[in-house]
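Residue numbers (the working numbering), protein chains in the order written: chain A, 6 to 265; chain B, 11 to 285. C-beta: ideal position from N, C-alpha, C; glycine also.
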Amino acid sequence: MSALGLLRRAALLLAVPALLVAAWWLLTAGSTDFFWPPLSQILGAFDDTWFHGRFTRDVLPSVGRLLAGYLLALVIGVGLGTAIGSVRTLRALLEPVLEFFRAIPPPVLVPILMLFAGIGTGMKILVIVSGCVWPVLLNTVEGVRALDEVLGDTARCYRMRPHSRYVHLVLRGASPQIAAGARQALSIGIILMVISEMFAAGDGVGFTIVQFQRGFAIPQMWTGIILLGLIGVVLSLLFQLVESWALRWYTGLRGSEREG
Amino acid sequence: MTAAPAGTAGTALLDVRHVRKVYEGAGRSVEAVRDLTFGVAAGEFACIVGPSGAGKTTLLKCVAGLLGCTGGEVVLEGARVTGPPPGMAVVFQEYGRSLFPWMTVRQNVELPLKERRVPKARRRELVDEALDAVGLGEARHAHPWQLSGGMQQRVAIARAVAYEPHVLLMDEPFAAVDAQTRADLEDLVRDLWKRLGVTVLFVTHDIDESVYLGQRVIVLSNSPTVVLEEVAVDLPAERDQLATRSDPRFAELRARVYKLVQQAKSGHRPGTGDA
Chain A
6 MSALGLLRRA ALLLAVPALL VAAWWLLTAG STDFFWPPLS QILGAFDDTW
56 FHGRFTRDVL PSVGRLLAGY LLALVIGVGL GTAIGSVRTL RALLEPVLEF
106 FRAIPPPVLV PILMLFAGIG TGMKILVIVS GCVWPVLLNT VEGVRALDEV
156 LGDTARCYRM RPHSRYVHLV LRGASPQIAA GARQALSIGI ILMVISEMFA
206 AGDGVGFTIV QFQRGFAIPQ MWTGIILLGL IGVVLSLLFQ LVESWALRWY
256 TGLRGSEREG
Chain B
11 MTAAPAGTAG TALLDVRHVR KVYEGAGRSV EAVRDLTFGV AAGEFACIVG
61 PSGAGKTTLL KCVAGLLGCT GGEVVLEGAR VTGPPPGMAV VFQEYGRSLF
111 PWMTVRQNVE LPLKERRVPK ARRRELVDEA LDAVGLGEAR HAHPWQLSGG
161 MQQRVAIARA VAYEPHVLLM DEPFAAVDAQ TRADLEDLVR DLWKRLGVTV
211 LFVTHDIDES VYLGQRVIVL SNSPTVVLEE VAVDLPAERD QLATRSDPRF
261 AELRARVYKL VQQAKSGHRP GTGDA
């Protein structure tokens with residue numbers, strides 16, 4: 006029964022992707038259009054394009070910068086967010102400014118950031134941070150604000166020290182919202198990873214895709230786009246794994262509430 | 011002022027002196043508690059009843075040091091309460107919201123002990139004893155939300171007991187559980203009180219409960235709150251859900267407290283003549 010259930014789930018999960026790939030394959034099968042090469046040709050170029058040097062030269066640096074920027078954004082967002090969420094005056098003071106900065110699309114910051122952060126790795130990480138930090142920050146603020154008052158009173162009654170209050174009450178209590186923000190930030194991070202490599206770069210997936218496009222290496226360009234999608238899927242799966250582990254209690258709590 | 015029963019005047023473990031609490035709102039202030047004075051002796055079980063909206067929870071928060079008083083003071087073991095004092099544990103009405111849902115039952119009970127830097131071996135002992143005492147030895151690895159409401163409140167009681175407080179404050183702890191569970195929990199609290207010699211201040215809106223549990227019932231007026239009257243409960247120390255509740259003396263005391271609460275509801279205050 007459970008094996009059958011697993012099979013069912015796998016079928017549900019893969020049904021639409023399989024259909025899309027099949028449609029792509031069939032629609033482009035006899036294509037002679039230069040910009041829409043047959044999928045078979047694209048997939049045939051995949052291995053040659055990425056796994057003979059470019060993986061370590063371009064993919065790993067890209068993913069490395071993404072992770073560095075993403076983790077930095079998490080630390081900054083959660084750190085600032087818990088502070089702003091805990092202190093009412095700080096919140097009143099900063100909220101309008103935060104909304105303003107959040108509304109600025111990070112790509113327009115790239116030329117500005119290049120002015121004082123140069124065109125190196127630092128700039129690219131900064132671009133990723135500048136986009137990823139907002140959903141994390143704002144969700145953390147909301148999460149901390151929504152902490153249960155009774156739980157806070159309990160922590161005070163049992164004289165929890167500031168450090169363990171922060172770890173066991175504030176961070177854990179806000180973790181569902183922090184995770185929601187982190188999930189949004191991840192997809193923003195992938196977009197910004199590519200964009201930051203399109204402006205002034207010497208390596209990276211985004212850089213390589215642009216190179217292929219400019220060199221009219223169209224099948225190779227397509228493999229790069231597919232690769233980006235795959236990176237997104239893998240990172241999102243990893244994220245779900247960590248999330249479902251860290252929020253086991255939350256899933257259970259919500260389940261028990263639904264049962265009444 | 012009403013005369014305090016012998017033994018509570020000078021030697022009170024917990025002294026509430028002329029406590030006043032005014033909530034300052036936008037443009038207007040609400041006087042929730044006007045002037046409350048009473049003492050609770052070491053080892054006593056005192057109940058506080060009052061009509062709904064009598065500021066019972068406000069009073070309890072002031073006593074617990076969670077809320078500053080506008081006037082007067084709360085003195086616990088000779089020291090003025092300015093924040094949650096070390097020798098005090100509180101059991102809240104909202105059991106579901108006072109337990110950490112990301113911790114197991116055991117971790118919930120253990121946390122305050124960790125904060126107090128109790129050594130690990132002693133911690134384990136205290137947690138196991140407390141969980142066994144409330145009959146939850148088997149559920150120690152469960153999460154609170156996997157338990158029924160009554161069991162969750164048992165966890166909160168176990169946490170308070172393991173903390174080894176001198177004073178245990180209970181804020182309508184059984185208001186949200188069903189009647190049968192409630193009777194069980196009442197007996198559990200009486201039991202723990204007798205066994206541990208802890209001082210209990212028990213806030214409730216349930217008149218029967220206050221008489222059944224307490225040695226003394228402090229009846230509050232309506233808001234702005236003062237003490238309307240104190241009723242000494244001279245029932246035998248051995249309480250039993252059936253025998254005690256059918257005791258004629260229980261009925262008398264219950265009727266007396268009931269009448270007082272009715273008076274309180276209709277706005278009767280001490281010093282304004284008999285109603």
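Beta-carbon proximity list for residue i, same chain, < 6 Å, skipping 5 on both sides
i                         : result
arginine 81 of chain A    : What sits at residue 81 of chain A in the sequence shown is isoleucine, not arginine. Counting only Cβ-Cβ distances below 6 Å, and skipping sequence neighbours, we find Val138.
valine 85 of chain B      : Asp25
glycine 281 of chain B    : none
valine 134 of chain A     : Gly74, Leu77 and Ala78
leucine 136 of chain A    : It is glycine, not leucine, that sits at residue 136 of chain A in the sequence shown. Excluding sequence neighbours, glycine 136 of chain A sits near Pro111, Ile193 and Leu197.
tryptophan 112 of chain B : none
threonine 12 of chain B   : Here the model assigns threonine 12 of chain B a pLDDT of 43, short of 50, so the residue's position is not dependable, and the following value carries that caveat. For threonine 12 of chain B, where only same-chain residues beyond five positions count, the Cβ hits under 6 Å are Glu239 and Glu240.
alanine 130 of chain A    : Here the sequence assigns isoleucine to residue 130 of chain A, which means alanine is not the residue at that position. Only Arg70, Ala73 and Gly74 meet the Cβ criterion.
tryptophan 41 of chain A  : Thr33
glycine 332 of chain B    : Here chain B has residues from 11 to 285 only, and residue 332 of chain B is not among them.
aspartate 197 of chain B  : none
threonine 43 of chain A   : Checking the sequence, you will find proline at residue 43 of chain A rather than threonine. For proline 43 of chain A, where only same-chain residues beyond five positions count, the Cβ hits under 6 Å are Thr33, Ala34 and Ser36.
Residues near residue i in its chain [Cβ-Cβ closer than 8 Å; skip 5 each side]
i                            : result
phenylalanine 204 of chain A : Val115, Pro116, Met119 and Ile124
isoleucine 214 of chain A    : Val199, Met226, Gly229, Ile230 and Leu233
phenylalanine 212 of chain A : Asp63, Glu202, Met203 and Ala206
leucine 77 of chain B        : Lys31, Thr68 and Lys71
leucine 176 of chain A       : Val83, Thr87 and Ile183
phenylalanine 260 of chain B : Val221, Tyr222, Leu245 and Thr254
tyrosine 268 of chain B      : Ile217
alanine 64 of chain B        : Leu230, Ser231, Asn232, Ser233, Thr235 and Ala274
Residues bridged to residue i (per DSSP)
i                        : result
valine 49 of chain B     : The amino acid occupying residue 49 of chain B in the given sequence is glycine; valine does not appear at that position. B:Asp25, per the DSSP bridge assignment.
methionine 98 of chain B : B:Val177
alanine 242 of chain B   : B:Arg226
arginine 90 of chain B   : B:Val85
isoleucine 58 of chain B : B:Val213 and B:Ile228
threonine 235 of chain B : B:Val43
lysine 31 of chain B     : B:Val43
Beta-carbon contacts of residue i that lie in its chain and below 7 Å, excluding the five residues immediately before and after
i                         : result
glycine 75 of chain B     : Val91, Thr92, Gly93, Pro94 and Pro95
tryptophan 203 of chain B : Phe55 and Val210
proline 61 of chain B     : Asn232, Val271, Ala274 and Lys275
threonine 126 of chain A  : Arg70
aspartate 45 of chain B   : His28, Arg30 and Val236
aspartate 208 of chain A  : Arg62, Asp63 and Pro66
asparagine 118 of chain B : Leu109, Phe110, Pro154, Val165 and Arg169
leucine 191 of chain A    : Tyr75, Leu240, Ser241 and Phe244
glycine 10 of chain A     : none
glutamate 182 of chain B  : Gln103, Val213, Thr214 and His215
Rounded distance between the beta-carbons of residue j and residue i, thought under 8 Å
i                         : j                        : result
proline 234 of chain B    : valine 43 of chain B     : 6 Å
leucine 23 of chain B     : histidine 176 of chain B : 7 Å
glutamine 251 of chain B  : alanine 186 of chain B   : Incorrect: roughly 20 Å between the Cβ atoms, too far for contact.
tyrosine 105 of chain B   : alanine 166 of chain B   : 5 Å
leucine 146 of chain B    : histidine 173 of chain A : Wrong, their Cβ atoms sit about 21 Å apart, outside the cutoff.
arginine 150 of chain B   : leucine 141 of chain B   : 6 Å
alanine 143 of chain B    : threonine 114 of chain B : 18 Å between Cβ atoms; not a contact.
leucine 156 of chain A    : arginine 107 of chain B  : 6 Å
methionine 165 of chain A : glutamate 125 of chain B : 5 Å
glycine 90 of chain A     : threonine 145 of chain A : 6 Å
Proximity test, residue i beta-carbon vs the ligand FAD heavy atom, cut-off 6 Å
i                      : result
proline 101 of chain A : What this structure holds is no ligand at all, so the ligand FAD is not there to describe.
### Query
What residue ranges within the region 67-103 of chain A form continuous alpha helix (DSSP H) runs of no fewer than 4 residues, ordered along the chain?
none
### Task
With 8 Å as the C-beta to C-beta threshold (strictly closer), list the residues of the region 111-127 of chain B near chain A in chain order.
Pro111, Trp112, Met113, Leu121, Pro122, Lys124, Glu125 and Arg126
### Query
Going along the chain, which unbroken runs of the alpha helix (DSSP H) with 4 or more residues stay wholly within the region 112-167 of chain A?
Runs of the alpha helix (DSSP H) inside the region 112-167 of chain A: 114-122, 126-150 and 154-162.
### Task
Taking only beta carbons into account, state which residues of the region 120-146 of chain A come closer than 8 Å to chain B, listed in chain order.
none
### Task
Identify each residue in the region 147-168 of chain A for which the Cβ-Cβ distance to at least one residue of chain B is less than 7 Å, and report them in chain order.
Asp153, Val155, Leu156, Asp158, Thr159, Arg161, Cys162, Tyr163, Arg164, Met165 and Arg166
### Message
To be precise: take each residue of the region 54-79 of chain A, compare its Cβ to all Cβ atoms of chain B, and keep it if any distance is under 7 Å. Which residues remain?
### Response
none
### Message
To be precise: take each residue of the region 93-104 of chain B, compare its Cβ to all Cβ atoms of chain A, and keep it if any distance is under 8 Å. Which residues remain?
### Response
Gly93, Pro94, Pro96, Met98, Ala99, Val100, Phe102 and Glu104
### Against chain A: residues of the region 49-74 of chain B by CB proximity under 9 Å
Per Cβ criterion, the list reads Lys71 and Ala74.
### Task
Using a Cβ-Cβ cut-off of less than 8 Å, list which residues of the region 149-166 of chain B approach chain A; keep chain order.
His153, Trp155 and Gln156
### Task
Mind checking the region 249-260 of chain A against chain B and listing, in chain order, the residues whose C-beta falls within less than 8 Å of any C-beta there?
Trp254, Tyr255, Gly257 and Leu258
### Task
Give, in chain order, every unbroken run of the alpha helix (DSSP H) that is at least 4 residues long and sits entirely within the region 94-176 of chain B.
With a minimum length of 4 residues, the continuous alpha helix (DSSP H) runs that stay inside the region 94-176 of chain B are 105-108, 115-125, 130-143 and 159-172.
### Query
Going along the region 174-205 of chain A in order, which residues come within less than 7 Å of chain B, judged by CB to CB distance?
Arg177
#### Entry: Residues from the region 75-86 of chain B in contact with chain A, defined by Cβ distance under 7 Å
Leu76
### Query
Listed from N- to C-terminal order along the chain, which residues in the region 171-186 of chain B have their beta-carbon within a distance smaller than 9 Å of any beta-carbon of chain A?
Within the region 171-186 of chain B, the qualifying residues are Tyr173 and Leu179.
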